[in-house]
Amino acid sequence: MTKARIAILASGSGSNAEALMTHFATGPGSEVAEVAWVCTNRQAAGVRARAQALGVAESHLPKAAIAEGALLRELQARDIGWVALAGFLLKVPADVCAAFEHRMVNIHPALLPKHGGLGMYGMHVHRAVHEAKDARSGTTIHWVNEAYDEGDILFQGEVALQPEDTPEDIAAKVLELEHRHYPVVLEGLIRMAQGTDVRDNTHLKSHS
Ligand code: GRF
1 MTKARIAILA SGSGSNAEAL MTHFATGPGS EVAEVAWVCT NRQAAGVRAR
51 AQALGVAESH LPKAAIAEGA LLRELQARDI GWVALAGFLL KVPADVCAAF
101 EHRMVNIHPA LLPKHGGLGM YGMHVHRAVH EAKDARSGTT IHWVNEAYDE
151 GDILFQGEVA LQPEDTPEDI AAKVLELEHR HYPVVLEGLI RMAQGTDVRD
201 NTHLKSHS
């Protein structure tokens, strides 16, 4: 079986991207897929150094080039089969959404449909959870479509919050969940698509 080639789209620090790169470089994940490319829209994104340190090809594509079709061209030229968004702050162009339908996932740092949508990223999300005095937060992994944070939900992981938790405490709890679950959930999806689903994926739930 040919290994699936994953591209990661990221705009920031890239800690989730690193968790994915590490997972698919070693262990059971490496049997089915590899991270073949990291793409960022921000010249100075921290994710670039993380990719370089792990020997993964990385590129900076400016917003205008992405909007003009360069992202889809690069994905096709690099023979990419799956796309994982990990803190990617641009809207994914419609041509990429169409070409990677049900092969492109995003991770959101809250329990969608709460605290999602335009402007809800990074600490904005955790401050909203804090202000709402939610007893729980978590992470949502979902298919990507043309609307922000509205693709079908594939997985949610939850964490209990304490009244004294600050937005920074909430962010740290959620990030730990994300690093733990995102690589395993993506591996499960790829295995199911390949028909090599030998492990228990009952933690994946579809809301289609
Ligand atoms: C994560 O919390 C993810 O849910 C969101 O953006 C954040 C990216 O963090 N989409 P990092 O760059 O992976 O550290």
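Residues in the sequence shown are numbered consecutively from 1, following this note's numbering.
The beta carbon of each residue, even a glycine, is placed where N, CA and C say it ideally should be.
On a predicted model such as this, the values are computed, not experimentally measured, just so you know.
If we call anything under 8 Å between Cβ atoms a contact, is Ile190 one with Ala84?
no
List the DSSP bridge partners of Arg5.
Paired residue(s): Glu34.
Within 8 Å, do at least three Cβ pairs link the segment 107-125 to the segment 36-52?
no
How many Å lie between Glu164 and Asp149 at the Cα?
28 Å
Are Pro183 and Ala19 touching if we call contact CB-CB under 8 Å?
yes
Suppose contacts are defined by Cβ-Cβ distances below 8 Å. Is Cys39 in contact with Glu68 by that definition?
no
In three-state terms, what does DSSP make of Gln43?
coil
Roughly how many whole angstroms lie between the Cα atoms of Gly87 and Phe24?
19 Å
Confirm the yes/no value for this check: CB of Thr22, any heavy atom of the ligand GRF, distance under 7 Å.
no
One question on the structure: do Val174 and Ser137 come within less than 8 Å of each other, judged by their Cβ atoms?
yes
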